[in-house]
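Counting along the sequence shown from 1, when you hit position 323 you're at 358 in the working numbering, and nothing is skipped either side. Built from N, CA and C at the ideal position, the CB exists for glycine as well. All values reported here derive from a predicted model rather than from experimental measurement. For reference, the structure discussed in these notes is given below.
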Amino acid sequence: MKVLLSGTAGPYGWPEPTCGCASCGRLSPGHRLPTAVVLDDVVRLAPPAGLPLTPPASLPKGYRMTVTPDGYAVSGPDRGRVLHAVAPDEHCGSPSPSWAEDAYDLVLIDLLDRPQRLGDLRRRGLVTPRTQVVAVHLDHRLPSEAELSRRLALWGAQAVADGTILDTRQPAPARPLPPRRVLVLGGARSGKSEEAEMRLICEPDVTYVATGPAGRRDPEWLARVRAHQRRRPPYWTTIETSELETLLRSETGPLLVDGIGTWLTSVFDACGAWDDPAHDRPRGRKPGRFGTALDAVAARCDDLVAAWRQTRAQVVAVSDEVGLSVVPATASGRVFRDALGRLNQRLAAESEEAFLVVAGRVIPLQQ
């Protein structure tokens, strides 16, 4: 099928005519018009706002259309298959007929609403490496076209200009292999965890590794845990462990590790390093190898770096950038800060990509 996208924006366009946000302010009027899709010049898949979708009874011969839980599914005379994956609350889908349960040739999807829907389609086999995935309903939910392009590259999708004509017979361009190891650094409430989750949100099978100290049940910690859980897709697997080294060596699929700072906290707990008298060691005097609790912490860090270097998994790990905060008031706090800073440096050196997140903005760290 030939697919004409005469518009690719949300219902009010991008920029929105009366909106004063920074995203809309960066663009000239009419940059993207509301999403409108026509198949083979005869089937209107996304009509202008206020007009109903063409009912299946009036479709030209050879076309089939149904409303599924994923959106509007269409099949054409040439057996081309298109899914317009509208937001779940925009339709009331019934179970998919058999013809709508196979992989699609083209998926038009609002990836700014819930991008994990693309991961779910991949998980269920409805989107394959040959499926063209095109983002539509684009608007000021993202700050700029540059940020849109960055995210779509990570998600294996593309945005096209208004007026683009697609062909369902054309396979999707090959998706570049993702970097194997990515370290995302940031301060408190910088947006580092959201950035790490965003990078993997469209993957079909992700293991979320929570590395916090066991038994922590204070209200503030639990509130943070719940906030992270709400952001994650329900089909992700969650593992709570401090044995991160073992996991890095055994897993081969995507891992999201959140985070290195809480892992190191659990290691300090396990090694009894918070009260190690070596904290007060005179400057310049080194401890004996494995002679103190801090030596045991150093050995665990060495093992983690070795596992990070050897891993076959696609790993995105979050860690705290501690060097920009106030100097800790206690000796143990200063030792922990220094240990985490050194560990961050070593992991970054073994990573294909590293980023610093400041105020929600992502800064690549060049090697």
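Between the Cα of residue i and those of the options, spot the shortest distance and give me the residue it belongs to.
| i | options | result |
| --- | --- | --- |
| residue 172 | 189, 148 and 163 | 148 |
| residue 288 | 348, 301 and 175 | 348 |
| residue 357 | 38, 339 and 299 | 299 |
| residue 119 | 97, 93, 95 and 162 | 162 |
| residue 293 | 99, 246, 235 and 239 | 246 |
| residue 113 | 350, 204 and 329 | 204 |
| residue 285 | 192, 343 and 387 | 343 |
| residue 244 | 351, 309 and 339 | 351 |
| residue 359 | 370, 42 and 376 | 376 |
| residue 227 | 381, 96 and 296 | 296 |
| residue 95 | 38, 181, 266 and 75 | 75 |
| residue 190 | 58, 164 and 383 | 164 |
| residue 309 | 361, 281, 369 and 345 | 369 |
| residue 49 | 327, 79 and 67 | 67 |
| residue 329 | 338, 345 and 302 | 302 |
| residue 389 | 362, 341 and 234 | 234 |
| residue 398 | 280, 218 and 371 | 218 |
| residue 207 | 168, 110, 283 and 198 | 168 |
| residue 199 | 373, 181, 170 and 224 | 170 |
| residue 176 | 64, 38 and 47 | 47 |
| residue 268 | 151, 40, 39 and 54 | 151 |
| residue 181 | 373, 402, 40 and 62 | 62 |
| residue 178 | 401, 275, 55 and 166 | 55 |
| residue 38 | 188, 202, 332 and 280 | 202 |
| residue 270 | 209, 242 and 280 | 242 |
| residue 336 | 383, 311 and 280 | 280 |
Using the Cα positions of residue i and residue j, report the straight-line distance between them to the nearest angstrom.
| i | j | result |
| --- | --- | --- |
| residue 117 | residue 185 | 25 Å |
| residue 395 | residue 231 | 12 Å |
| residue 143 | residue 211 | 21 Å |
| residue 103 | residue 392 | 39 Å |
| residue 278 | residue 366 | 26 Å |
| residue 126 | residue 101 | In this predicted model, residue 126 has a pLDDT of only 47, less than 50, meaning its place in the structure is not dependable enough to derive any value. |
| residue 221 | residue 239 | 26 Å |
| residue 385 | residue 214 | 12 Å |
| residue 154 | residue 146 | 11 Å |
| residue 138 | residue 160 | 6 Å |
| residue 379 | residue 334 | 15 Å |
| residue 29 | residue 196 | Any answer about residue 29 is impossible in this case: the structure gives the chain only from 36 up to 402. |
| residue 192 | residue 236 | 12 Å |
| residue 108 | residue 77 | 16 Å |
| residue 70 | residue 194 | 12 Å |
| residue 354 | residue 73 | 47 Å |
| residue 338 | residue 305 | 15 Å |
| residue 324 | residue 121 | Confidence is the limiting factor: at residue 324 the pLDDT is only 46, short of 50, which leaves the residue's position unreliable, though a coordinate-based value still follows. Looking at the two C-alpha atoms, the distance is approximately 60 Å. |
| residue 80 | residue 42 | 12 Å |
| residue 216 | residue 345 | 10 Å |
| residue 140 | residue 57 | 35 Å |
| residue 340 | residue 381 | 7 Å |
| residue 59 | residue 265 | 28 Å |
| residue 320 | residue 327 | Because the pLDDT of residue 320 is 47, which lies under 50, any placement of that residue in the model is unreliable, and the number read from its coordinates should be weighed accordingly. Approximately 13 Å between the Cα atoms of the pair. |
| residue 65 | residue 53 | 12 Å |
| residue 307 | residue 401 | 36 Å |
Looking at the structure shown, is residue i part of a helix, part of a strand, or coil, going by DSSP?
| i | result |
| --- | --- |
| residue 202 | strand |
| residue 400 | coil |
| residue 37 | strand |
| residue 53 | coil |
| residue 69 | strand |
| residue 104 | coil |
| residue 275 | strand |
| residue 42 | strand |
| residue 308 | coil |
| residue 234 | helix |
| residue 215 | coil |
| residue 116 | strand |
| residue 394 | coil |
| residue 242 | strand |
| residue 74 | strand |
Mind checking if residue i is an interface residue toward chain E, Cβ cutoff 8 Å exclusive?
| i | result |
| --- | --- |
| residue 340 | The structure shown has no chain E; it contains just one protein chain. |
Taking the DSSP output, what are the residues bridged to residue i?
| i | result |
| --- | --- |
| residue 351 | 217 and 291 |
| residue 121 | In DSSP, residue 121 forms no bridge with anything. |
| residue 110 | 99 and 116 |
| residue 79 | 73 |
Ranges of the alpha helix (DSSP H) found wholly within the stretch 127-184, counting only runs of at least 4: With a minimum length of 4 residues, the continuous alpha helix (DSSP H) runs that stay inside the stretch 127-184 are 151-158.
* Which runs of the beta strand (DSSP E) fall wholly inside the stretch 324-391 and span at least 3 residues, in chain order? -> The qualifying runs are 349-355.
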